[in-house]
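Read the structure below first, then the notes.
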Amino acid sequence: MSPLSLPPVPEPFQLPFHYGALHHLGIDWLVAPEPVRELLAKHHPDLSAAEFDGRALVSFNYQLYFAQYAFGGGVTQEIEYNVIAFPTAESDRIPQLTYAQYAQGWDQTKLLGIARIHVLCDSPFAISAGRALYAEPKYPGWFEVDLPSLNGPAGETWTVHGKAAGTSPDGILEKRETPLFSLTAALDDIAASPANNTPITGYGTCPDGRVLAGPMNVYQPYRWYDLSAPEHADRVHLTVHAPDHDLGRDIRSLVTDPAAGAWTYQSPPVAAHNRPYYLPTRRPADR
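3 is the number of the first residue of the sequence shown in the working numbering; add one for each residue after it.
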């Protein structure tokens, strides 16, 4: 067997890419395996769909992250539509797990990774980096969101609306008003389990057919929500607004059942600017 080779890192990118803060929501669906195999074969022919008790697994996740650069800072939002998969050549190393075991990080091989099918992103720089470094199928989109926040109302409900976008010749995102999808996850009052499930291996297929595997470390546990109980069937709603769009078509072809689980991560705050107070008024005689 030949040694592993490392792909080049083109200018101006540097690796690893460091996140200054990350807010991350993922939703998992257990689905019929045959349509997943067909979709995966079209996008990543050297990967195989993982199965959990006879069901394949697709995930739809939203990221909001901050990165600090030499010139300042940048905030990026994106969503990924993924199939949980592994390299077909490594099939003899794949552990037999239930979905709950996988979601909580029991796969220590980290070969069960996310095969990216669609990635929408609101940063042209991040789109270029994802394509060049990780062979991500990344294209422009933008988002309107309502997220759990220490600076907002209490609660654990996430709402993400994705819309179409383009890129101008000078590399500026051009927002369009065409809605693509809406996702709501009402996770209030559900007990969450800590999930040590990173590094998350992300798979991409290069134009020449070679498969890239890029691990992502998150330095604190995720919170995993088991949504398998019947009373949680209405906790997650994913609506396709553009059924003829590639993303909408691939969502509708696979996602038909209630969500099996959700996982979240929110970076802890590093500072707080506190409430001000009035100084006592000094009378003229006291001066």
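Idealized CB from N, CA, C, for every residue including glycine. These numbers were taken from a predicted model, which means no experiment stands behind them.
Simplified DSSP assignment, three categories, for residue i
i, result
"L229", "coil"
"P142", "strand"
"D148", "strand"
"V220", "coil"
"H234", "helix"
"L214", "strand"
"L240", "strand"
"G250", "helix"
"D94", "helix"
Between the CA atoms of residue j and residue i - distance to the nearest angstrom
i, j, result
"Q110", "N276", "42 Å"
"L2", "D94", "There is no way to answer for residue 2, as the model of the chain reaches only from 3 to 289."
"Y83", "V60", "7 Å"
"V33", "P89", "20 Å"
"P217", "Y279", "47 Å"
"N199", "R284", "59 Å"
"D248", "A166", "12 Å"
"E13", "L135", "10 Å"
"F2", "L99", "Look at the range of the chain in this structure, 3 to 289, and you will see that residue 2 is not part of it."
"V291", "A137", "Only positions 3 to 289 of the chain appear in this structure, which leaves residue 291 out of reach."
"A261", "V238", "7 Å"
"G154", "D148", "9 Å"
"G168", "T78", "16 Å"
"R57", "E36", "9 Å"
"K177", "I129", "15 Å"
"P223", "D191", "19 Å"
"A91", "I202", "19 Å"
"K44", "G250", "16 Å"
"T180", "S269", "31 Å"
"I96", "W144", "36 Å"
"V121", "P232", "30 Å"
"Y205", "V272", "32 Å"
"A102", "L41", "24 Å"
"L2", "I253", "In this structure the chain extends from 3 to 289, so residue 2 is not present and cannot be described."
"S255", "A274", "45 Å"
Limits of the beta strand (DSSP E) - the one that residue i falls within
i, result
"V257", "First-last for V257: undefined, no H or E at that position."
"A156", "Neither: A156 is in no beta strand (DSSP E) and is coded neither H nor E."
Those residues which DSSP pairs with residue i across a bridge
i, result
"C316", "With the chain represented from 3 up to 289, any question about residue 316 goes unanswered, as that position is not in the structure."
"E82", "N63 and V121"
"D30", "S61 and G263"
"I116", "I86 and G204"
"V11", "Paired residues: none, contrary to the question."
"S50", "F88"
"S195", "W226"
"V77", "F68"
"A23", "F68"
"A166", "G143"
"Q268", "H25"
Limits of the unbroken alpha helix (DSSP H) element including residue i
i, result
"G132", "P126 to Y136"
"A105", "Y101 to A105"
"L185", "Here L185 belongs to no alpha helix (DSSP H); instead the beta strand (DSSP E) covers L175 to A188."
"A43", "P35 to H45"
8 Å contact criterion, which residue i and residue j should meet: CB distance rounded
i, j, result
"F62", "I81", "7 Å"
"W226", "Q106", "6 Å"
"A117", "L49", "5 Å"
"L214", "P10", "Wrong, their Cβ atoms sit about 12 Å apart, outside the cutoff."
"A131", "A87", "The pair is not a contact, with the Cβ atoms about 22 Å apart (cut-off 8 Å)."
"F183", "H234", "Actually they do not touch by this definition, with Cβ atoms about 21 Å apart."
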